[in-house]
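J.:
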């Protein structure tokens with residue numbers, strides 16, 4: 001599931017994921033890492049797989065957080081129909097950020113500049 005989510009995110013944001021999409025990926029990676037740690041604690045037979053998966057998700061969390069901190073916060077231009085189509089990932093990320101990230105973070109990320 002983690003790989004499928006990363007592949008989907010990479011396809012949708014291939015040009016420039018930006019400071020809005022990246023924190024959402026970090027949030028998902030963090031939730032995935034936490035769920036795999038829970039699996040490792042609760043299921044002895046799957047402990048090794050859970051810890052390995054949690055480690056991979058943790059690495060993606062750290063990498064995503066670093067990229068998010070360095071990404072420009074401006075949305076992509078939408079002058080044309082193609083530009084509006086290209087802005088769909090940004091719009092979806094804005095909608096999701098407003099509903100899932102803590103208010104102080106989502107406000108900073110989704111505030112039009």
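In the numbering used here, the protein residues as written are 1 to 113.
Built from N, CA and C at the ideal position, the CB exists for glycine as well.
Less than 8 Å between C-beta atoms, sequence neighbours within five positions excluded: which residues of the same chain meet that for residue 51?
T.: Result list for residue 51: 36, 37, 40, in chain order.
J.: Could you tell me the alpha carbon to alpha carbon distance between residue 113 and residue 95, rounded to whole angstroms?
T.: Below a pLDDT of 50, predicted positions are generally treated as unreliable, and residue 113, at 41, falls in that range; the measurement from the model is reported next regardless. About 17 Å.
J.: What does the Cβ neighbour count give for residue 61, buried or exposed, with the cut at 16 atoms within 10 Å?
T.: Buried is the call here.
J.: Can you list, in chain order, the residues of its chain whose CB lies under 7 Å from that of residue 65, leaving out five sequence neighbours each side?
T.: So the list reads 26, once near-sequence residues are dropped.
J.: Determine the direct distance from the alpha carbon of residue 3 to that of residue 46, and round the result to whole angstroms.
T.: Going by the C-alpha atoms only, they are around 19 Å apart.
J.: Determine the direct distance from the alpha carbon of residue 29 to that of residue 71, and round the result to whole angstroms.
T.: Distance between the alpha carbons of residue 71 and residue 29: 18 Å.
J.: Are there 16 or more other CB atoms within 10 angstroms of the CB of residue 43, so buried, or fewer, so exposed?
T.: The residue in question, residue 43, is exposed, as its Cβ has fewer than 16 Cβ neighbours within 10 Å.
J.: Can you give the Cα-Cα distance for residue 49 and residue 99, rounded to whole angstroms?
T.: Those two C-alpha atoms are separated by around 31 Å.
J.: Alpha carbons only, please: which of 22, 6, 10 is nearest the one belonging to residue 68?
T.: Measuring from the Cα of residue 68, the nearest candidate turns out to be 22.
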